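The working numbering puts the first residue of the sequence shown at 2, with every later residue one more than the last.
Just so you know, even glycine gets a beta-carbon here, dropped at the ideal spot from N, CA and C.
These numbers come from a predicted model, not from an experiment.
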Amino acid sequence: MMRTAQELNSLALRTRKVWNEDTYSPIDIFAIVNGWKDKKITVVKYPMSSRISGMCTKEGEDVVIAINSTTSYGRQRFTMAHELYHVLYEDNMRRVICDMSMGADKSESEREADRFASFLLMPYDALVEYEHDKAKWTLEKVIEAEQFFKVSHQAMLHRLVHDGFIGNEIADEYRYIT
């Protein structure tokens, strides 16, 4: 059964709490995972096919997360948060290969992992705190926010549309900046 947005948001906030991170600040997810004492997670950055963002495997307590090193830093951070969802919160997960698509054609598990990653890296309250006036989400503000939260342009736009900060028309206008 698919988890609701509220459940995924709650998991993301609980994860931040375990890491002693507040709900307003950007996090250095690679430093946190590499220094996490409760879990032994090996992170590998490696060039992969342009269709693959990352993958993870879990055998007992042994976890390996591989991140496509040819993607942007923001995308790598999102992929790391996405893969963490698979290894921390999916029952009986052994191996997952995650593709680059952001569309609705993804599996339920992949959509959940994307939502969790978005909530983990950009908590709703942090976005509201960053700019509560929806009319002020200009292209410049979007770019500032994605740099602040260290996420990709596409991830920021997707999240702002999902939470009603901007409409699809504005997102389409902002999507292909030159």
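- In the DSSP annotation of this structure, E62 is not part of any alpha helix (DSSP H), being labelled neither H nor E.
- Residue ranges of uninterrupted alpha helix (DSSP H) with 4 or more members, entirely inside the region 57-126 and ordered along the chain, are 74-90, 109-122.
- Look at the beta carbons and you see the region 159-174 touching the region 117-132: at least three pairs across the two are nearer than 8 Å.
- Contact annotation: M101 and I66 have beta-carbon atoms that are not nearer than 8 Å.
- Judged by DSSP in its simplified three-state form, S54 adopts strand.
- Cβ contact annotation for A172 (same chain, cutoff 6 Å, sequence separation greater than five): L158, V162, in chain order.
- Burial state of W37 is exposed, judged by a 10 Å Cβ sphere holding fewer than 16 other Cβ atoms.
- Between M94 and V88, the CB-CB gap stays under 8 Å.
- In this structure, T43 lies away from V19, with their beta-carbon atoms at least 8 Å apart.
- Short of 7 Å from the beta carbon of V152, and not among the five residues preceding or following it, lie these beta carbons of its own chain, in chain order: G75, R78, F79, L122, M123.
- When the Cα atoms are used, T72 and N35 turn out to be separated by approximately 20 Å.
- Taking a contact as a CB-CB distance under 8 Å, the pair T24 and R17 counts as one, their CB atoms being some 6 Å apart.
- For S26, same chain residues with a beta-carbon under 7 Å away, outside a window of 5 residues either side, do not exist.
- Nearest in C-alpha terms to D134, of all of S110, N69, F166, E145, is F166.
- Under the 10 Å beta carbon count, V45 is surrounded by fewer than 16 other beta carbons and is classified as exposed.
- For I178, the number of other beta carbons within 10 angstroms of its own is below 16, and it is reported as exposed.
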